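Participant: Residue 347 in the numbering used here is what sits at position 347 of the sequence shown, and the numbering runs on without skipping anything. Note that beta-carbon positions come from the ideal geometry of N, C-alpha and C, so glycine has one too. Quantities reported herein were computed from a predicted structural model and do not represent experimental measurements. After the structure tokens below, expect a handful of questions from me.
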Amino acid sequence: MLRTKVSDMKTENIQPLPFQFQSSVHDSNVIVERTMNPQSVSSTQENISKSKIKKIPPELRREKILYKLEPLWYKRLLLRLQHDSQFLRSVVQFSFVFLCIWIGIEFYLFEQWGASEGVATFTQRPPGAEGFLPISALMSLKYWFQTGIINDVHPSGLFIFVAIVGIGILLKKAFCSWLCPVGTLSESLWILGKKIFGRNFTITKWIDVPLRGLKYLLLLFFAYSIWQMDVNDLQAFIYSPYNKMADVKMFQFFAHISTFALWTVIILMIASVFIKNFWCRYLCPYGALLGITSLLSPLKITRNKETCIDCELCTKACPANVKVHKVTKVWSDECTSCLACVEVCPVKNTLDIRTSLTRTKVPNWVFGSLIVGIFIAVTGMAIVTGHWQNNISKEEYLKRFPKIDNQMYQHNRGQVPHYTPED
Ligand code: SF4
Ligand code: SF4
Numbered sequence: 001m002l003r004t005k006v007s008d009m010k011t012e013n014i015q016p017l018p019f020q021f022q023s024s025v026h027d028s029n030v031i032v033e034r035t036m037n038p039q040s041v042s043s044t045q046e047n048i049s050k051s052k053i054k055k056i057p058p059e060l061r062r063e064k065i066l067y068k069l070e071p072l073w074y075k076r077l078l079l080r081l082q083h084d085s086q087f088l089r090s091v092v093q094f095s096f097v098f099l100c101i102w103i104g105i106e107f108y109l110f111e112q113w114g115a116s117e118g119v120a121t122f123t124q125r126p127p128g129a130e131g132f133l134p135i136s137a138l139m140s141l142k143y144w145f146q147t148g149i150i151n152d153v154h155p156s157g158l159f160i161f162v163a164i165v166g167i168g169i170l171l172k173k174a175f176c177s178w179l180c181p182v183g184t185l186s187e188s189l190w191i192l193g194k195k196i197f198g199r200n201f202t203i204t205k206w207i208d209v210p211l212r213g214l215k216y217l218l219l220l221f222f223a224y225s226i227w228q229m230d231v232n233d234l235q236a237f238i239y240s241p242y243n244k245m246a247d248v249k250m251f252q253f254f255a256h257i258s259t260f261a262l263w264t265v266i267i268l269m270i271a272s273v274f275i276k277n278f279w280c281r282y283l284c285p286y287g288a289l290l291g292i293t294s295l296l297s298p299l300k301i302t303r304n305k306e307t308c309i310d311c312e313l314c315t316k317a318c319p320a321n322v323k324v325h326k327v328t329k330v331w332s333d334e335c336t337s338c339l340a341c342v343e344v345c346p347v348k349n350t351l352d353i354r355t356s357l358t359r360t361k362v363p364n365w366v367f368g369s370l371i372v373g374i375f376i377a378v379t380g381m382a383i384v385t386g387h388w389q390n391n392i393s394k395e396e397y398l399k400r401f402p403k404i405d406n407q408m409y410q411h412n413r414g415q416v417p418h419y420t421p422e423d
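Have a look at this one:
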């Protein structure tokens, strides 16, 4: 295994400053003395924290694997996946984006077939598209709990929803920063903004806090609406013509987007260039739900305050604006388990993801593998048990496609349009 010397550590933000800091760091029996030249402090106030990393002794420094020196490409790749959490996360994120693009292309071909009333070549509808119907999935979940029935209209949507909530309960909001394609787009936009303008912007706390509440209000609205529905209401919605074509309607919404919706998307994207994860932070009800489930997670980003040198690199790296260097455990509902803070911490065994009770360290690559593993396991279970494909036949789709603009397929302000068994 290849290991760095201290000087090779990933400390791009760690530059020696013209002063020394005096404090002590305790790790086991090690006491490290550092000295600071007070004359230099005033001129470099904003860089004080950087100075604190200057003299971490070698035995306390986090090791970095020099995978670049490995001659075999696959070993190099494996080493990097194992030891660079942000590289692993990017690989997972963009794999998931490509999966979604593939689903989008398949769905486009399916929609073309339906819109041509069967003239175009038939392409199987990709069930993964149901992952973009979370409200329908929430109703399916309640219906499942109340009746024991996994509906055959959007069964894969239900399993994808269960996988995401399961990840939320076990691994905090990891779905947002590891799998969600909207999260990946948001992150790409603020990184772009940082490259163009040299920085991102934060909204002042007294506006930020109430704005963050908006996503919870949206979640409350959906949850309360579904909570009020009894079994008959749920059944009426789930088996309605509207819900049967909800994935097609959603695709057509974006394929033939209205001017108003397009401007809304453009404004959200522009806001995301300036403010990190604007949509996720303020408006996404899915993120709100996962923020709540994350509180149940047995894993937490945990800081060892005995060895922490208060360099604040973790807080600076955090895209969720969590003050990591001030807490011993990150409980914030905004923490997306991106591990960016863990990756930058320069001190060994100081900032890690650990189990709450036993404080057992979970290696970053294990954490990433768990996210992907849970998602594949739950969706795989749907495939194995025959709950992946829906039960709507080609003939039924061909009957419904020509009528898709009829009143029966309109959202109708949340009310299910009246329909008969023949519809
Ligand atoms: S606290 Fe750490 S893991 Fe959580 S969002 Fe911030 S950087 Fe990511
Ligand atoms: S926990 Fe944060 S403040 Fe403490 S040493 Fe690590 S990066 Fe620096």
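#1: Using only alpha-carbon positions, find the residue among D333, F159, N151, G193 that is nearest to N243.
#2: Taking the beta strand (DSSP E) that R303 falls in, what are its first and last residues?
#3: Identify the continuous beta strand (DSSP E) that holds D352 and give its terminal residues.
#4: If you measure from each residue's Cβ to the nearest non-hydrogen atom of ligand 1, which ones come out under 7 angstroms, in chain order?
#5: What's the gap between the Cα of L192 and the Cα of G131?
#6: State the DSSP-derived secondary structure class of K55, mapped to helix, strand or coil.
#7: Buried or exposed for V30, going by 16 or more other Cβ atoms inside 10 Å?
#8: Within the chosen definition, does the segment 170-183 reach the segment 258-275 through at least 3 CB pairs nearer than 8 angstroms?
#9: Kindly examine ligand 2 and report whether one of its heavy atoms sits closer than 7 angstroms to the Cβ of T350.
#10: Start and end of the alpha helix (DSSP H) containing E111?
#11: Taking contact to mean 3 or more Cβ pairs, one atom from each stretch, closer than 8 angstroms, check whether the segment 137-144 and the segment 158-174 are in contact.
#12: Which two residues bound the contiguous alpha helix (DSSP H) that contains Q146?
#13: Once you ignore the five residues that flank I103 on each side, which residues in its own chain have a CB closer than 6 angstroms to its CB?
#14: How do the segment 80-88 and the segment 339-353 stand: do at least 3 beta-carbon pairs fall below 8 angstroms, yes or no?
#15: What did DSSP end up calling V153 once you bin it into helix, strand or coil?
#16: Could you compute how far the alpha carbon of H26 sits from the alpha carbon of L69?
#17: Does ligand 2 have even one heavy atom less than 7 angstroms from the beta-carbon of I353?
#18: Can you give the Cα-Cα distance for P363 and I353, rounded to whole angstroms?
#19: In chain order, what residues of the same chain have a beta carbon less than 6 angstroms from the beta carbon of K249, not counting five sequence neighbours either side?
#20: Unbroken alpha helix (DSSP H) runs of length 4 or more, entirely within the segment 181-206: which are they?
#21: Using the Cβ count rule (16 or more neighbours within 10 Å means buried), how would you classify E396?
#22: Report the start-end ranges of each beta strand (DSSP E) in the segment 372-422 that is 3 residues or longer and not cut off at the edges.
#23: Throw me the rounded Cβ distance for the F110 and Q124 pair, which I believe falls under 8 angstroms.
#24: Report the rounded CA-to-CA distance for N321 versus L189, giving the unit in angstroms.
#25: By the three-class DSSP mapping on this structure, what secondary structure does R76 have?
#26: So V330 and K300 are supposed to be a Cβ contact under 8 angstroms. How far apart are they, rounded?
#27: To the nearest angstrom, report how far apart V384 and D208 are at their CA atoms.
#28: Does the beta-carbon of V92, which I'm using as the reference point, lie nearer than 7 angstroms to any heavy atom of ligand 2?
#29: Output the distance between the C-alpha atoms of I392 and I257, rounded to the nearest integer angstrom.
#30: Would you say the beta carbon of V347 comes nearer than 7 angstroms to a heavy atom of ligand 2?
#31: Is it the case that the segment 216-232 contacts the segment 309-319, given that we only count it when at least three CB pairs across the two stretches are under 8 angstroms?
#32: With respect to the alpha helix (DSSP H) encompassing K244, which residues constitute its N-terminal and C-terminal limits?
#33: If I measure Cβ to Cβ from I164 and keep anything under 6 angstroms in the same chain, skipping five residues before and after, which residues do I get?
#34: Answer with buried or exposed for F237, where buried requires no fewer than 16 other C-beta atoms within 10 angstroms of its C-beta.
#35: Using 10 angstroms around the beta-carbon of E187, count the other beta-carbons present and answer buried if the total reaches 16, otherwise exposed.
#36: Using the beta-carbon count (16 or more within 10 Å), is H411 buried or exposed?
Facilitator: In terms of the structure at hand:
#1: N151
#2: 299-303
#3: 351-355
#4: S177, I301, C314, A317, C318, P319, A320, V322, V324, V330, S332, E334, C335, T336, S337, C338, L339, A340, C341, V342
#5: 27 angstroms
#6: coil
#7: Because V30 carries a pLDDT of 30, less than 50, the predicted location of this residue cannot be relied on, and no value is offered for it.
#8: no
#9: yes
#10: 85-115
#11: yes
#12: 134-147
#13: P126, G128, A129
#14: yes
#15: coil
#16: Reliability fails at H26, whose pLDDT of 33 lies under 50, so the model's placement of it is uncertain and the value that follows must be treated cautiously. The alpha-carbon atoms of H26 and L69 are separated by roughly 33 angstroms.
#17: no
#18: 7 angstroms
#19: none
#20: 181-197
#21: exposed
#22: none
#23: 7 angstroms
#24: 17 angstroms
#25: helix
#26: 6 angstroms
#27: 45 angstroms
#28: no
#29: 26 angstroms
#30: yes
#31: no
#32: 241-244
#33: F175
#34: buried
#35: buried
#36: exposed
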